[in-house]
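Numbering (this note's numbering), first residue to last: 4 to 269. One structure is given below, encoded as structure tokens.
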């Protein structure tokens, strides 16, 4: 009988396959992927930047309490939205991996049901990474790579928050250098996308207007539109890629996952 190690050697684990699946779900089922990233991710964030933040800056500096309450409340709302987006795109990507399509409503439903567990996982993840980076940079990076698929594991397998960390540690073992390379690639893609937005602003003469309006506590509409578009693309791509990474790791360690994934949300 072949051992688990033998099977993982025979199966392939490649960054190319991860990216193909991520682009595949975005192309095959764009409404839930981009729609959720837009409505619950990029749009609320930029509306806050455009409408609420200037109002906070213009508030009475002698009474900071309303601004503090608004800031804390906004952070909680954005955290909820962020976890909803992550859980929803995990649902859409997992469905694509088993050959089906998750609707907008199905994806949002999964995101809503998993938002609170994902918040708990994210808080623990941040605390763990902070401790790792306080000790040294390298331990922090190692922890991030080791726990990189804890969120998809929590959503798909409903393992519970603490078990999701252990599941991620198991799945990433033996592939962490490739995962590190994938994360570097994602950072480069995001930097390139941000650069494209910057070039567009320069070409339209927007940077001068941007600097002037930011000094007045405002932002030009063109900047908001560009930020919403880039934010939507980056959120969708990152979430789909992380889920694709999780599925590829399961395939590499445990074999084809189509039937298992099909049963998860049945």
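Every residue, glycine too, gets a C-beta built ideally from N, C-alpha and C.
Excluding the 5 residues flanking residue i on each side, which residues of the same chain have their C-beta closer than 8 Å to its C-beta?
{"i": "residue 18", "result": "181, 184, 185, 188"}
{"i": "residue 82", "result": "122, 125"}
{"i": "residue 4", "result": "Because the pLDDT of residue 4 is 41, which lies under 50, any placement of that residue in the model is unreliable, and the number read from its coordinates should be weighed accordingly. The answer is none, since no qualifying residue turns up."}
{"i": "residue 231", "result": "41, 45, 46, 49"}
{"i": "residue 80", "result": "47"}
{"i": "residue 7", "result": "Legend: pLDDT at residue 7 = 47, less than 50; position of this residue unreliable, no value from coordinates given."}
{"i": "residue 244", "result": "21, 22, 25, 185, 189"}
Using C-beta distances below 6 Å, list every residue in its chain close to residue i, excluding the 5 sequence neighbours before and after it, in chain order.
{"i": "residue 86", "result": "118, 121, 122"}
{"i": "residue 272", "result": "A question about residue 272 goes unanswered here, because the residues of the chain that appear run from 4 up to 269."}
{"i": "residue 93", "result": "155, 158, 246"}
{"i": "residue 233", "result": "196, 200"}
{"i": "residue 34", "result": "107"}
{"i": "residue 43", "result": "84, 87, 88"}
Using the C-alpha atoms, what's the distance from residue j back to residue i?
{"i": "residue 99", "j": "residue 32", "result": "8 Å"}
{"i": "residue 91", "j": "residue 105", "result": "9 Å"}
{"i": "residue 48", "j": "residue 26", "result": "24 Å"}
{"i": "residue 156", "j": "residue 237", "result": "21 Å"}
{"i": "residue 174", "j": "residue 249", "result": "8 Å"}
{"i": "residue 225", "j": "residue 29", "result": "25 Å"}
{"i": "residue 36", "j": "residue 141", "result": "33 Å"}
{"i": "residue 114", "j": "residue 84", "result": "9 Å"}
{"i": "residue 240", "j": "residue 22", "result": "9 Å"}
{"i": "residue 171", "j": "residue 20", "result": "19 Å"}
{"i": "residue 164", "j": "residue 137", "result": "23 Å"}
{"i": "residue 169", "j": "residue 152", "result": "10 Å"}
{"i": "residue 24", "j": "residue 116", "result": "25 Å"}
{"i": "residue 251", "j": "residue 198", "result": "30 Å"}
{"i": "residue 89", "j": "residue 242", "result": "6 Å"}
{"i": "residue 143", "j": "residue 176", "result": "16 Å"}
{"i": "residue 190", "j": "residue 71", "result": "32 Å"}
{"i": "residue 139", "j": "residue 97", "result": "35 Å"}
{"i": "residue 235", "j": "residue 39", "result": "9 Å"}
{"i": "residue 167", "j": "residue 150", "result": "8 Å"}
Under 8 Å: does the beta carbon of residue i sit that close to some heavy atom of the ligand MN?
{"i": "residue 187", "result": "Among the ligands in the structure shown, none appear at all, so the ligand MN cannot be discussed."}
Within its chain, find whatever has a CB closer than 7 Å to the CB of residue i; leave out the 5 residues flanking it on each side and keep chain order.
{"i": "residue 257", "result": "none"}
{"i": "residue 146", "result": "131, 132, 135"}
{"i": "residue 95", "result": "28, 32, 35, 36, 105, 110"}
{"i": "residue 193", "result": "237"}
{"i": "residue 162", "result": "156, 170"}
{"i": "residue 9", "result": "Its pLDDT being 46, under 50, residue 9 is placed unreliably in this model, and the value from its coordinates should be taken loosely. Within the same chain, residue 9 has no close Cβ partners at all."}
{"i": "residue 160", "result": "170"}
Using a Cβ-Cβ distance cut-off of 9 Å, determine whether residue i contacts chain B.
{"i": "residue 160", "result": "The question asks about chain B, but that chain is absent: this structure has only one protein chain."}
May I have a chain-ordered list of the alpha helix (DSSP H) segments no shorter than 4 residues that lie completely inside the stretch 15–60?
18–31, 33–40, 46–50, 56–60
Would you be able to state if there are at least three C-beta pairs under 8 Å between the stretch 129–142 and the stretch 109–116?
Between the stretch 109–116 and the stretch 129–142 there are fewer than three C-beta pairs closer than 8 Å, too few to call the two in contact.
Ordered list of alpha helix (DSSP H) runs contained in the stretch 135–168, each at least 4 residues:
140–149, 153–160
Runs of alpha helix (DSSP H) wholly within the stretch 81–123 (minimum 4 residues, chain order):
none
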